[in-house]
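Please read the structure below before turning to the comments.
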Amino acid sequence: MVHFVGAGSGAVDLITVRGQRLLREADVIVYAGSLVNPELLRERKKECEVHNSAYMTLEEVTEVMVTAVESKKQVVRLHTGDPSIYGAVKEQMDELERRGIAYEVCPGVSSFCGAAAALKAEYTLPDVSQSVIITRMAGRTSVPDRESIRSFAAHQASMVIFLSTGLLKELQRELAEGGYPRDTPAAIVYKATWPEEKVCRCTIETLADTAEAEGIKKTALIMVGRFLEGEYGRSELYNPAFTTEFRKGTAD
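Residues 302 to 553 (this note's numbering) are what the sequence shown spells out, left to right.
Okay, here's the thing in structure tokens:
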């Protein structure tokens with residue numbers, strides 16, 4: 302069996318209880334060494350075999366996993382955050398399926414959740430935004446034209462932008478030309494939940510200048526939207542006048 306495990310957003314105690322158990326039981330671990338906190342590997346068995354996928358191709362990762370399973374070993378493929386977001390996990394699953402290898406997925410805490418915690422923010426505020434757009438700028442990995450930053454910006458929803466710290470001047474332009482006012486609140490969260498976490502608040506117009514001043518060049522998320530401001534409507538969920546399945550409101 303191969304277990305795809307989300308390592309969490311950085312802090313070692315943000316891996317799930319299930320993920321931690323799987324790490325402790327693994328005979329072979331293949332981990333995303335460029336992003337996963339190496340302190341998590343302290344959970345492994347002494348005799349556990351460890352591979353750093355930062356230096357490996359898809360074919361090499363697949364071969365390690367298949368060879369281990371054929372030897373009746375338990376495998377953990379340890380991904381940063383949650384495997385479902387920019388984890389290049391589907392292609393690995395497909396390779397295992399082609400070879401008849403069983404696998405399961407253990408979800409993790411994504412960095413976009415860790416960044417919101419660092420900001421003490423809520424993405425879905427009443428009367429501000431009820432949608433979260435998770436996206437990235439086009440770089441060496443292309444983005445479909447229909448999913449451009451500019452087209453998403455027209456919605457002025459809460460936005461989290463991955464893998465784009467090196468393209469902030471272009472990002473500013475796309476956000477503004479797409480519809481966000483230039484004074485729209487923004488934030489750069491560097492290595493959310495890691496010990497070296499850094500939170501920088503700014504506007505979309507000052508994203509590039511802020512990153513340069515703080516020396517941030519990679520491993521950061523960009524957050525954009527009015528959810529970063531202070532004004533919003535009260536939720537109906539806890540409004541005393543609002544009737545729910547569990548309590549009667551006082552409106553009458």
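The beta carbon of each residue, even a glycine, is placed where N, CA and C say it ideally should be.
message = In whole angstroms, give me the CA-to-CA distance for ASP510 and LEU468.
response = Mapped onto the sequence shown, residue 510 falls at position 209. Mapped onto the sequence shown, residue 468 falls at position 167. Cα to Cα, the separation comes out at about 12 Å.
key: Whole-angstrom distance between ALA333 and LYS519, CA atom to CA atom   = In the sequence shown, residue 519 corresponds to position 218, counting from 1. In the sequence shown, residue 333 corresponds to position 32, counting from 1. In a straight line, the C-alpha of LYS519 is about 16 Å away from that of ALA333.
message = Could you tell me which whole beta strand (DSSP E) segments of length 3 or greater appear in the region 308-381?
response = Complete beta strand (DSSP E) runs here, min 3: 329-332, 350-353 and 376-380.
query = Of the choices TYR539, LEU420, PHE453 and SER443, whose alpha-carbon is the least far from that of SER432?
reply = One-based indexing of the sequence shown puts residue 432 at position 131. Ranking TYR539, LEU420, PHE453 and SER443 by Cα distance to SER432 puts PHE453 first.
inquiry  = Does the region 409-420 come into contact with the region 304-312, if we say contact requires no fewer than three beta-carbon pairs (one atom in each stretch) closer than 8 Å?
reply    = Contact between the region 409-420 and the region 304-312 is present: three or more C-beta pairs spanning the two stretches fall below 8 Å.
key: For GLU405: DSSP bridge partner residues   = Position 104 of the sequence shown holds residue 405. Beta-bridge pairing links GLU405 to HIS304.
message = So the candidates are LEU522, ILE517, GLY516 and ILE434; which of them puts its Cα closest to the Cα of GLU382?
response = What you label residue 382 is simply residue 81 of the sequence shown in a count that begins at 1. Contrary to the premise, residue 382 reads as Gly rather than Glu in this sequence. Ranking LEU522, ILE517, GLY516 and ILE434 by CA distance to the CA of GLY382 puts LEU522 first.
request  = Give the DSSP-derived three-state secondary structure of LYS499 in the structure shown.
outcome  = The residue given as residue 499 occupies position 198 in the sequence shown. DSSP places LYS499 in strand when its eight states are reduced to three.
ask   = When the cut-off is 7 Å and only beta carbons count, does PHE453 lie next to chain C?
value = The displayed structure is made up of one protein chain only, and chain C is not part of it.
task = Return the residue from the list VAL444, GLY440 and TYR481 that minimises the CA-CA distance to ALA455.
result = Numbered from 1 along the sequence shown, position 154 holds the residue referred to as residue 455. For ALA455, the nearest C-alpha among the options comes from TYR481.
inquiry  = Helix, strand or coil, according to DSSP, for GLU523 in the structure here?
reply    = For the purposes of this step, residue 523 is taken as residue 222 along the sequence shown, with counting starting at 1. It is Ile, not Glu, that sits at residue 523 in the sequence shown. DSSP places ILE523 in strand when its eight states are reduced to three.
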